[in-house]
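As structure tokens, the structure follows; a few thoughts come after it.
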Amino acid sequence: MMKRILVTGAAGQLGSELIPALRERYGNDNVVAAWRRTALTDEVADTGPSTQLDVTEQQPIERYIRDNGIDSLYHLGSLLSVAAEANRPLAHRVNIIGLLNVLEAACNTGLERVVIPSSIAAFGVDTPHDNTPNETLQRPTSLYGISKVFGELMGNYFFERVGLDVRGVRLPGVVSWKVEPGGGTTDYAVDAFYGAIREGRYTCYLRPGTYLPMMYVPDAIKSLIEVAEADLARLKHHADYNVNSMSFEPEELAAAIRRRVPHFEMTYDIDPLRQYIADSWPNSLDDTVAREEWGWRPDYDLEAMVDDMYENLSRKLLG
Ligand code: SER
Numbered sequence: 001m002m003k004r005i006l007v008t009g010a011a012g013q014l015g016s017e018l019i020p021a022l023r024e025r026y027g028n029d030n031v032v033a034a035w036r037r038t039a040l041t042d043e044v045a046d047t048g049p050s051t052q053l054d055v056t057e058q059q060p061i062e063r064y065i066r067d068n069g070i071d072s073l074y075h076l077g078s079l080l081s082v083a084a085e086a087n088r089p090l091a092h093r094v095n096i097i098g099l100l101n102v103l104e105a106a107c108n109t110g111l112e113r114v115v116i117p118s119s120i121a122a123f124g125v126d127t128p129h130d131n132t133p134n135e136t137l138q139r140p141t142s143l144y145g146i147s148k149v150f151g152e153l154m155g156n157y158f159f160e161r162v163g164l165d166v167r168g169v170r171l172p173g174v175v176s177w178k179v180e181p182g183g184g185t186t187d188y189a190v191d192a193f194y195g196a197i198r199e200g201r202y203t204c205y206l207r208p209g210t211y212l213p214m215m216y217v218p219d220a221i222k223s224l225i226e227v228a229e230a231d232l233a234r235l236k237h238h239a240d241y242n243v244n245s246m247s248f249e250p251e252e253l254a255a256a257i258r259r260r261v262p263h264f265e266m267t268y269d270i271d272p273l274r275q276y277i278a279d280s281w282p283n284s285l286d287d288t289v290a291r292e293e294w295g296w297r298p299d300y301d302l303e304a305m306v307d308d309m310y311e312n313l314s315r316k317l318l319g
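Residues in the sequence shown are numbered consecutively from 1, following this note's numbering.
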């Protein structure tokens with residue numbers, strides 16, 4: 001039974017939404033928000049415990065776990081794809097060393113469960129792009145993708161060889177309105193809504209026709225909670241579940257937004273780095289394994305996501 005949960009990366013796009021959901025499930029005082037560089041949202045800061053923790057050092061993590069009776073951990077602290085290319089040394093320390101520190105600290109303190117999200121970035125240009133299988137060739141060419149494959153392999157290794165229960169899903173690009181993603185390749189899908197609501201226009205850094213798997217944040221949070229709570233006896237996989245929801249290319253998103261903002265205009269100014277990264281990622285994922293082993297099923301399609309996103313973001317930006 002997970003009772004006291006530590007969440008790293010608590011100020012990020014996922015942490016800001018996962019923590020309120022976990023607090024509702026496990027009790028406010030039982031979910032600790034650990035952050036480092038960016039400040040927590042008021043919602044997270046005001047509703048329960050938090051601590052400043054640097055994942056690049058193992059001892060403080062271990063000490064916090066011991067002193068506070070933590071039994072489970074969500075490790076969300078990571079540099080996204082573009083941010084990682086911009087600062088390789090920091091990406092190495094956070095995405096590789098930080099991950100190892102969390103796993104070793106979890107072992108040394110006898111944690112019951114560790115959840116580490118992976119990503120569509122764990123695939124590469126020679127992976128089948130449509131309906132990408134759960135088991136397939138994984139040779140990513142981005143630093144972030146390499147760190148995600150490392151996380152998957154280490155998670156599975158720690159489960160098989162060390163006896164630590166590590167679980168994870170390969171998340172698509174996540175669309176959300178509470179906190180903007182920072183330094184990712186799929187961020188355009190969020191930025192487009194800000195552009196639409198503020199100015200009726202958005203300049204996209206990916207080429208028309210660039211399909212990517214995407215997911216609305218409530219589904220991403222649901223996948224992280226459900227994989228953590230799944231019955232271990234049913235799991236044949238651990239740190240590497242494909243989860244799929246919707247796929248679209250920029251023009252399709254623009255058309256869907258235009259149904260709510262008729263004058264919305266999307267123009268293009270291609271960023272070669274982000275285009276290169278996006279071109280190496282799948283168009284869609286085959287998530288049969290997650291469906292079969294723990295009953296995964298997303299709730300939002302493109303239209304439902306755009307409705308909810310538009311409504312919430314408009315309220316946030318325009319009051
Ligand atoms: N959203 C992430 C990124 O773009 C993918 O996991 O880097």
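The C-beta atom is built at its ideal place from N, Cα and C for all residues, glycine as well.
Proximity below 8 Å, CB of L80 to CB of G183: yes
Residues of its chain near I65, where Cβ-Cβ distance is below 8 Å and the 5 sequence neighbours each way are ignored: L6, L73, A105, A106, T109 and L111
Any alpha helix (DSSP H) of 4 or more consecutive residues that is wholly inside the region 22–90: 42–47, 58–67 and 81–86
For A91, the nearest candidate out of D67, L103, I116 and T56 (CA to CA): T56
Sub-8 Å separation of G155 and Q138 beta-carbons: no
Option nearest P208 by Cα separation, candidates Y241, L143, E251 and A21: E251
Reduced DSSP category for G145 - H, G, I as helix; E, B as strand; rest coil: helix
Cβ-based burial, Y268 [other Cβ within 10 Å; buried from 16]: exposed
C-alpha distance - T41 paired with P181, whole-angstrom precision: 13 Å
Cβ contact check for the region 131–146 and the region 189–202: 3 or more pairs under 8 Å: no
Check: V125 C-beta below 7 Å from any heavy atom of the ligand SER: no
With 16 other Cβ atoms within 10 Å as the buried cut-off, status of Q52: exposed
7 Å Cβ shell around P60 - same chain, five flanking residues per side excluded: L53 and D54
Own chain, CB closer than 8 Å to M2, minus 5 neighbours either side, in chain order: Y26, D71, S72, E112, R113, A228 and E229
The region 240–257 in contact with the region 288–304 per 3-pair CB rule at 8 Å: yes
Nearest to F150 (by Cα), restricted to the options S176, E160, D240 and N28: D240
Extent of the continuous beta strand (DSSP E) run through L247: Note on residue identity: the sequence assigns Ser, not Leu, to residue 247. That run of the beta strand (DSSP E) goes M246 to F248.
Nearest neighbour of L206, chosen from R4, W281 and E17 [CA to CA]: W281
Any 3 or more C-beta pairs closer than 8 Å across the region 161–181 and the region 260–275: no
The ligand SER heavy atom lying under 7 Å from the CB of V169: no
N28 beta carbon less than 8 Å from that of G15: no
The ligand SER heavy atom lying under 7 Å from the CB of P213: no
Straight-line gap, V190 to V175 (C-alpha atoms, nearest Å): 6 Å
Distance cut-off 7 Å: S284 Cβ against heavy atoms of the ligand SER: no
Rounded C-alpha distance that separates H75 from Y188: 24 Å
Buried or exposed (CB count within 10 angstroms, at least 16 for buried), D67: exposed
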